[in-house]
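Just so we're aligned, residue 699 is where the sequence shown starts under the working numbering, counting upward by one.
Idealized CB from N, CA, C, for every residue including glycine.
Note sheet for the following structure.
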Amino acid sequence: MEANAEEGKTTVIAGYSPWIRKFQPYAFGYCSGWMTLRGAKRRMAADRGFVLSDHADWDGLIKAIDATECVSLTHGCTTSFARYLSRSGYNAHEAHTYYGGDEATEENELPVDLVND
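What follows is the structure, encoded as structure tokens:
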């Protein structure tokens, strides 16, 4: 299948899939609130970046943070976001919890002494 059969007017939304390679040549776009940050497109090896978040819109998230005195980040890209917020003048830090990951592993299970309290 030729990607440019419609003179660049075709959009395929495939996510992370090797299937997209069937459409050579293709351009890779990445949607994320992180596309607001300098270098995000390069880090994701994307041809185009689109500012779009599935959690909260970026401006709304920053407004919520702006209304607080301290921000504790518990999941997601906590290191990058804490650095961004700190450089923007916010009191932000990573708060490591037992619930940081999505998968149940030894590292994020509750210690026995906390479960039995």
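Does the Cβ-Cβ distance between residue i and residue j come in under 8 Å?
i: Asp856; j: Phe726; result: Nothing about residue 856 can be reported from this structure: the residues present for the chain run from 699 to 815 only.
i: Lys739; j: Tyr724; result: no
i: Leu771; j: Ala765; result: no
i: Tyr782; j: Leu750; result: no
Mapping DSSP to helix, strand and coil, what is residue i?
i: Pro809; result: Bear in mind that the predicted position of Pro809 carries a pLDDT of just 40, short of 50, making it too unreliable to give a figure here.
i: Arg741; result: helix
i: Arg719; result: helix
i: His791; result: strand
Taking C-alpha atoms, which residue in the options lies nearest to residue i?
i: Tyr788; options: Cys768, Ser778, Val710; result: Cys768
i: Glu792; options: Ser784, Arg785, Thr776, Leu783; result: Thr776
i: Ile760; options: Phe748, Trp732, Met742; result: Trp732
i: Ser786; options: His773, Gly737, Trp717, Ile763; result: Ile763
i: His794; options: His773, Ser778, Ser784; result: His773
Just list the residues that DSSP pairs residue i with in beta bridges.
i: Gly731; result: Answer by DSSP bridge pairing: none, since Gly731 is not bridged.
i: Arg746; result: Gly727
Looking at the C-beta of residue i, does it have a partner C-beta in chain C at a distance below 8 Å?
i: Lys761; result: Note that chain C does not occur in the displayed structure, where there is just one protein chain.
If you scan the segment 749-784 from start to end, which runs of the beta strand (DSSP E) of 3 or more residues do you find wholly inside it? 769-771
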